[in-house]
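Trainee: In my numbering, the protein residues as written are 164 to 620.
Ideal Cβ placement from N, Cα and C applies to all residues, glycine included.
Keep in mind it's a predicted model, so treat the numbers as computed, not measured.
Right under this line is the structure:
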């Protein structure tokens with residue numbers, strides 16, 4: 164009796180490794196293993212901001228600084244792009260994973276918020292090296308018609324593992340502090356010595372080990388025709404010094420946007436979307452702690468787990484949509500969904516409702532499942548062969564730029580209008596406005612691309 168395989172909706176959405184072309188299948192095998200391991204690290208680190216707010220008692224502006232520092236290193240992505248051209252994928256990942264994991268390991272020793280902030284910054288500086296490397300591999304090793312589906316499927320794996328890791332981490336963090344009792348000799352101390360250690364000091368070292376293992380798995384991927392494709396850019400990069408390379412790399416950001424107006428419009432839409440999402444970033448944990456008094460488990464359930472739960476099946480679906488509709492139309496759909504989520508979050512903060520906060524993040528998760536695709540593959544779609552690192556670095560440079568002002572805008576607006584108890588809801592209304600403008604930008608972009616296509620024909 165024969166069974167039907169590779170047919171129907173789910174076989175179109177969910178790809179098996181055996182159904183892929185040879186090099187796509189080979190890359191997918193290693194990429195998937197790395198993604199699953201990194202999901203463990205991502206789930207544990209997802210609660211880092213709430214650890215600083217609840218465990219280290221950070222102020223509003225320290226939370227703002229954390230959000231800024233977590234995104235500021237994206238500004239140096241053009242440098243990593245140049246570094247990739249000089250040293251290749253393996254050379255770039257020969258030392259950055261150790262810095263990334265080392266910073267997480269040292270988080271076990273922090274006692275003050277500013278120490279945590281510095282280590283997050285160091286971690287992110289090293290982590291941003293992955294972005295041009297990953298997109299270069301995506302362009303070289305994966306078939307163009309399958310990139311969206313593959314990346315969507317990988318995103319689902321990441322979400323599934325990080326969701327479980329975040330939930331377990333939240334339970335561990337709510338067990339704080341750990342009471343270690345030591346019986347010392349009487350001539351030293353007459354009574355047993357009680358040492359209180361918060362459990363996050365055990366979580367971060369484990370996350371550091373997992374991070375290093377995951378990055379090493381990704382580094383093992385061999386890139387098809389890397390030396391041939393990179394040869395012209397590598398020759399140019401090695402003809403000048405590192406300082407000249409660095410200056411040139413930032414000049415290339417301007418050059419990319421100047422030469423590709425459609426990519427520029429696409430990124431301006433992303434800039435508006437990113438401003439909306441980043442400005443609520445430090446506000447959510449502040450409100451959850453000060454106004455809602457949420458535990459680690461309650462916070463994880465309302466903000467991380469419900470969002471992850473809906474992203475899990477939708478990653479491959481959005482990937483399929485991206486392959487069919489391309490970036491601008493996909494992004495427009497996503498921004499409209501995020502507008503709905505922002506309105507619900509406004510209601511949650513206004514009514515001081517934890518469950519409504521969860522509903523808002525559930526709806527946001529529908530949109531963010533698509534953002535995972537467009538954020539990573541938008542620059543791949545617009546770029547020409549061999550130029551994906553320049554487009555990626557230009558895209559990520561703007562991410563760092565909005566991290567410079569959006570968190571300050573969010574917390575500043577909240578404090579200006581009454582603090583966490585009275586002013587937080589206005590931040591979400593402002594975010595709704597930015598998302599509406601991002602949607603309009605995608606409409607203008609689609610019309611502009613249609614006019615260009617008609618003129619070419």
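1) Determine the DSSP secondary structure at residue 308, reduced to helix, strand or coil.
2) Is it true that the CB of residue 198 sits closer than 8 Å to the CB of residue 320?
3) Which class does residue 274 belong to by DSSP, given the choice of helix, strand or coil?
4) Restricting to Cα atoms, I'd like to know which of 301, 465 and 330 is closest to residue 388.
5) Does the structure place the region 237-253 close enough to the region 279-297 that three or more beta carbon pairs sit under 8 Å?
6) Around the Cβ of residue 274, are there at least 16 other Cβ atoms within 10 angstroms (buried) or fewer (exposed)?
7) Along the chain, where does the alpha helix (DSSP H) that runs through residue 439 open and close?
8) In angstroms with no decimal places, state the Cα-to-Cα distance between residue 311 and residue 482.
9) Can the beta-carbon of residue 537 be found less than 8 Å from the beta-carbon of residue 497?
10) Identify whether residue 550 lies in helix, strand or coil by the three-state DSSP scheme.
11) Beta-carbon separation of residue 208 and residue 226 under 8 Å?
12) Thinking residue 323 and residue 362 are a contact (beta carbons under 8 Å), I'd like their distance in whole angstroms, please.
13) From residue 570 to residue 592, what does the alpha carbon distance come to, in whole angstroms?
14) Tell me which same chain residues have a C-beta within less than 6 Å of the C-beta of residue 471, skipping the five on either side of it?
15) First and last residue of the alpha helix (DSSP H) that includes residue 222?
16) Give the straight-line distance between the Cα atoms of residue 213 and residue 448, rounded to the nearest whole angstrom.
17) Under the three-state reduction of DSSP, which class applies to residue 280: helix, strand or coil?
18) Quick one: give me the first and last residue of the alpha helix (DSSP H) that residue 259 is part of.
19) Out of curiosity, what's the CA-to-CA distance linking residue 350 and residue 369?
20) If we ignore side chains and look at the alpha-carbon of each, how far apart do residue 223 and residue 445 end up?
21) Which residues in the same chain as residue 284 place their Cβ atom closer than 6 Å to its Cβ, once the five residues preceding and following it in sequence are excluded?
22) Taking buried to mean at least 16 other C-beta atoms within 10 Å of its own C-beta, is residue 353 buried or exposed?
23) Less than 8 Å between the C-beta atoms of residue 315 and residue 478, yes or no?
24) Give me, in chain order, the residues of the same chain whose beta-carbon lies closer than 6 Å to that of residue 426; leave out the 5 immediate sequence neighbours on both sides.
25) Do you know whose CA, among 206, 237, 606 and 235, lies nearest residue 431's CA?
26) How many Å lie between residue 380 and residue 194 at the Cα?
27) How big is the Cα-Cα spacing for residue 603 and residue 367?
28) Between the Cα of residue 229 and those of 383, 192, 428 and 568, spot the shortest distance and give me the residue it belongs to.
29) Cutting at 7 Å between CB atoms, please list the residues of its own chain near residue 617, excluding the five before and the five after it.
30) Please classify residue 531 as buried or exposed, where buried requires at least 16 neighbouring CB atoms within 10 angstroms.
31) Between which two residues does the alpha helix (DSSP H) holding residue 522 run?
32) Over the uninterrupted alpha helix (DSSP H) stretch that includes residue 474, give me the two end residues.
33) Report the residue from 552, 598 and 287 whose alpha carbon sits nearest the alpha carbon of residue 501.
34) For residue 517, which residues from the same chain have a beta carbon less than 7 Å from its beta carbon, with the 5 sequence-adjacent residues on both sides left out?
35) Are the C-beta of residue 317 and some C-beta of chain B separated by less than 8 Å?
36) Would you kindly report the start and end of the unbroken alpha helix (DSSP H) that includes residue 596?
Mentor: In short:
1) It is coil, neither helix nor strand.
2) Yes, the Cβ-Cβ distance between residue 320 and residue 198 is below 8 Å.
3) In the structure shown, residue 274 sits in coil (DSSP, three-state: anything other than H, G, I, E or B).
4) Minimum Cα distance to residue 388 is reached at 301.
5) The way I'd put it, the region 279-297 does touch the region 237-253; three or more beta-carbon pairs between them come closer than 8 Å.
6) Answer is exposed; the Cβ neighbour count stays below 16.
7) Counting along the chain, the alpha helix (DSSP H) containing residue 439 begins and ends at 424-443.
8) Taking the straight line from one Cα to the other gives about 4 Å.
9) Yes, the Cβ-Cβ distance between residue 537 and residue 497 is below 8 Å.
10) Reduced to three states, the DSSP call for residue 550 is coil.
11) Taking 8 Å as the Cβ cut-off, residue 208 and residue 226 do not qualify as a contacting pair.
12) Cβ atoms of residue 323 and residue 362 stay farther apart than 8 Å, at about 24 Å.
13) Rounded to the nearest angstrom, the two C-alpha atoms are 15 Å apart.
14) Within the same chain, and ignoring the five residues on either side of residue 471 in sequence, the residues whose Cβ sits closer than 6 Å to its Cβ are 322 and 326.
15) Secondary structure note for residue 222: it is in no alpha helix (DSSP H), with a DSSP letter that is neither H nor E.
16) Approximately 6 Å between the Cα atoms of the pair.
17) It is helical.
18) Where residue 259 is concerned, the enclosing alpha helix (DSSP H) stretches over 259-269.
19) Because the pLDDT of residue 350 is 49, which lies under 50, any placement of that residue in the model is unreliable, and the number read from its coordinates should be weighed accordingly. Taking the CA atoms as reference points, residue 350 sits about 37 Å from residue 369.
20) One alpha carbon belongs to residue 223, the other to residue 445, and they sit about 8 Å apart.
21) A distance below 6 Å between beta-carbons, with the five flanking residues on each side excluded, links residue 284 to the following residues of its chain, in chain order: 232.
22) Interpretation of residue 353 is limited by its pLDDT of 49, a score under 50 that renders its predicted location unreliable; the figure taken from the coordinates is listed afterwards. Per the 10 Å Cβ criterion, exposed.
23) Yes, Cβ-Cβ distance for residue 315 and residue 478 is below 8 Å.
24) Excluding positions up to five away in sequence, the list reads 545.
25) Per the Cα distances, 606.
26) Roughly 8 Å separates the two Cα atoms.
27) So the alpha carbons of these two residues sit roughly 42 Å apart.
28) Checked all of 383, 192, 428 and 568; the closest Cα to residue 229 is 568.
29) A distance below 7 Å between beta-carbons, with the five flanking residues on each side excluded, links residue 617 to no residue of its chain.
30) Residue 531 counts as buried, since at least 16 other C-beta atoms from the protein chains shown sit within 10 angstroms of its C-beta.
31) Counting along the chain, the alpha helix (DSSP H) containing residue 522 begins and ends at 517-545.
32) Counting along the chain, residue 474 sits inside the alpha helix (DSSP H) bounded by residues 469-514.
33) The candidate whose alpha carbon is nearest that of residue 501 is 598.
34) Within the same chain, and ignoring the five residues on either side of residue 517 in sequence, the residues whose Cβ sits closer than 7 Å to its Cβ are 455, 457, 461 and 465.
35) Any reference to chain B falls outside this structure, which holds one protein chain only.
36) Start and end: 587-619.
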